[in-house]
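Visitor:
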Amino acid sequence: MPTYVSLIHWTDQGIRNYKDTTSRAEDFTKLVENKGGRVRELLWTVGEYDLVAVADFPDDETGTAALLQVGSLGSIRSNTMRAFSADEMTSIIGKTG
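Following our numbering, the numbering of the sequence shown begins with 12 at its first residue and continues without gaps.
This is the structure we're talking about:
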């Protein structure tokens with residue numbers, strides 16, 4: 012399954028409702044699982060980002076749909092990157108010729 016790393020900022024709405032952050036995280040985990048994925052890690056951070064999420068999805072389209080759904084709720088904005096394991100990277104390098 013493709014892996015994604017999301018660097019997350021709370022919006023004004025998200026920070027106003029910071030006390031709900033752990034319940035929103037549970038809702039996110041349920042959403043990912045309902046779409047056939049898995050949340051590997053969800054960490055609250057101090058600094059430039061408020062949270063970091065690492066999640067696996069069955070495919071790119073499903074991952075994008077889940078992130079759009081969460082973003083539309085208005086509490087977060089995310090910068091998401093596709094991540095690759097060492098085995099995946101070895102396969103990619105093998106395709107370079």
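Every residue gets a Cβ at the ideal spot worked out from N, C-alpha and C, and that includes glycine.
Here the structure is a predicted model, which is why all the values come from computation and not from measurement.
Thinking just about the alpha-carbon of each residue, which of W21, P13, T73, N28 is nearest to the one in V57?
Guide: V57 has its Cα closest to that of W21, out of W21, P13, T73, N28.
Visitor: Less than 8 Å separating the beta-carbons of A77 and L42?
Guide: Cβ distance < 8 Å, so A77 and L42 count as in contact.
Visitor: Assuming contact is defined by CB atoms lying nearer than 8 Å, are Q24 and G85 in contact in what I supplied?
Guide: Contact flag set, yes.
Visitor: Going by C-alpha distance, which of A66, K106, V16, I87 is nearest E44?
Guide: Selected option, being the one with the closest Cα: A66.
Visitor: Helix, strand or coil: which one does DSSP assign to Y29?
Guide: DSSP places Y29 in helix when its eight states are reduced to three.
Visitor: Rounded to a whole number of angstroms, what is the C-alpha to C-alpha distance between A64 and M92?
Guide: Using only the alpha carbons, I get a separation of about 11 Å.
Visitor: Once DSSP output is grouped into helix, strand and coil, what is the label at D71?
Guide: Helix.
Visitor: Classify G48: buried if its beta carbon has 16 or more other beta carbons within 10 angstroms, exposed otherwise.
Guide: Flag for G48 reads buried.
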